[in-house]
Amino acid sequence: MSAIKEITGLRNPRLTCLLPLQALVLLICVAGPVLAQSCFAPARPFLPSDSQAARDYADIIRGDFEDYIQDIQNYFRCLDGERARAFEEAREVSEDYGRFLQLVGD
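All you need for this note's numbering is the position in the sequence shown, starting with 1, plus 1387.
Structure, rendered in structure tokens:
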């Protein structure tokens, strides 16, 4: 039982209070770059099938469609940027692979 306590750090309260901090630092370091390169498509605007509801909420619906058009343009720009980044990365990896093959003599 004492071995388990030593492994989990339960014997030293100073170590156990550091675990949440370590988890937070890990999440920031790992999730930050992943989220920065993600492109998310906007949700389609809702169009009611009832013509009276469409007239009653015309201003809101119009705003939703205009927001969608702006958001989809941003999404396309994001995809274009990610595509360019991925092509550049693939080119660099290909060059790295060529250097590796030269190093090992293949």
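C-beta: ideal position from N, C-alpha, C; glycine also.
Which of the three DSSP states is assigned to residue i in this structure?
i     : result
S1438 : helix
C1465 : helix
F1501 : Since the first and last residues shown for the chain are 1388 and 1493, residue 1501 lies out of range.
Y1444 : coil
Suppose contacts are defined by Cβ-Cβ distances below 8 angstroms. Is residue i in contact with residue j by that definition?
i     : j     : result
F1433 : D1451 : yes
Please check the pair residue i and residue j, which I expect to be a contact at CB under 8 angstroms, by giving their CB distance rounded to whole angstroms.
i     : j     : result
A1441 : I1447 : No, A1441 and I1447 are not in contact; Cβ-Cβ is about 10 angstroms, not under 8 angstroms.
Here's a check: name, in chain order, each residue in its chain whose Cβ is nearer than 7 angstroms to the Cβ of residue i, leaving out the five neighbours to either side.
i     : result
P1429 : Y1455, D1458, I1459, Y1462
S1436 : none
Establish whether the CB of residue i and some CB of chain B are separated by less than 8 angstroms.
i     : result
N1461 : Any reference to chain B falls outside this structure, which holds one protein chain only.
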